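I have placed the structure first, in the form of structure tokens, so that the comments after it can refer back to it.
In our numbering, the protein residues as written are 34 to 310.
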């Protein structure tokens, strides 16, 4: 089976060069679709020059900053691979990672998602790479700091690292693989999310369709944080709006609707108080 890597970039910074170089040299990557949501002119020129040298690199541009999920959907539409590997532009993968995650999908019940094991620059597991199913309560615990008092929140990255792939509620959109047919069967990402939470939504819809979501231990690469020059407050505001959209979308009764609005309001207030650094 062939594999297409999809990378959505918006003002990513110098680490984008490392991310693409790792994918270009990784065995088993047949195509790379770089979705340019907006980069400086000098970066765009470098990307075009790289695409001219590298036949398997395809650059999509001209649509503007449509958001992460919508950018991924455009990349998937342009991809030719049987397997889609979604990679953050600030993630630098180990050479064996693409083939390893593709192999994890073998035999998994469709629609299947295989999440990767990214580490930070100190080697610590990525926050959000292993998650329980997200609820209004677990999100509130995570963002209010109540997890410090022993309450269970969304993330499981501090649990012991498993030896083999394990089933989870959700994985991180920073690195995961899906069969192209499965991704298209789910209609891709919900473009109602501009940034953040679209990965949690995709996992929930896959699970509700009878599929399996697994986290595969690696490590599969390094996630370089703070590489984008996007303002921190803006990113947090997008996250708050996305969680609010998620909870309203999946609310099943009036109590859940009310809770969704309360937690959404809390997250928006939290974002408004965030300082740009």
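Note that beta-carbon positions come from the ideal geometry of N, C-alpha and C, so glycine has one too. The model shown is predicted, which means the values in this text are computed figures rather than measured ones.
The beta strand (DSSP E) that contains residue 43, what's its start and end? Locating residue 43 in the chain shown gives position 10, counting from the first residue. From DSSP, the beta strand (DSSP E) with residue 43 extends over 36–43.
Quick one: give me the first and last residue of the beta strand (DSSP E) that residue 209 is part of. Position 176 of the chain shown holds residue 209. Per DSSP, residue 209 belongs to the beta strand (DSSP E) from 208–212.
In chain order, what residues of the same chain lie with their CB nearer than 7 Å to the CB of residue 114, ignoring the 5 residues before and after it? Within the chain shown, the letter at position 81 stands for residue 114. Hits under 7 Å: 35, 36, 37, 63, 64, 213.
Are there 16 or more other CB atoms within 10 angstroms of the CB of residue 58, so buried, or fewer, so exposed? For the purposes of this step, residue 58 is taken as residue 25 along the chain shown, with counting starting at 1. Under this definition residue 58 is an exposed residue.
Unbroken beta strand (DSSP E) run spanning residue 70, endpoints: Residue numbering aside, residue 70 sits at position 37 when the chain shown is read from its first letter. That run of the beta strand (DSSP E) goes 64–71.
Coarse secondary structure for residue 147, derived from DSSP in three states: Position 114 of the chain shown holds residue 147. Note: residue 147 maps to strand in three-state DSSP.
Tell me whether residue 125 sits in a helix, a strand or coil according to DSSP, three-state version. The residue labelled residue 125 in the question sits at position 92 within the chain shown. Three-state result, residue 125: strand.
When DSSP labels each residue in this structure, what does residue 188 get in the three-state scheme? Indexing the chain shown from 1 puts residue 188 at position 155. In the structure shown, residue 188 sits in a strand (DSSP, three-state: E or B).
Whose C-beta lies closer than 6 Å to the C-beta of residue 275 among residues of the same chain, with five residues either side of it excluded? Here the question's residue 275 lines up with position 242 in the chain shown. 226, 229, 230.
Meets three-Cβ-pair contact criterion under 8 Å: the stretch 117–135 and the stretch 233–251: yes
Cβ neighbours of residue 123 in the same chain (closer than 8 Å, five flanking residues each side left out): The sequence position of residue 123 within the chain shown is 90, counting from 1. Only 45, 46, 48, 49, 52, 256, 257, 258, 260, 261 meet the Cβ criterion.
Option in 303, 239, 242, 244 with minimal Cα separation from residue 269: Position 236 of the chain shown, counting from 1, holds the residue named residue 269. Out of 303, 239, 242, 244, 303 has the C-alpha closest to the C-alpha of residue 269.
Helix, strand or coil for residue 245, going by three-state DSSP, please let me know. Your numbering for residue 245 matches position 212 in the chain shown. Reduced to three states, the DSSP call for residue 245 is coil.
So does the stretch 154–170 actually touch the stretch 87–107, counting three or more Cβ pairs closer than 8 Å? no
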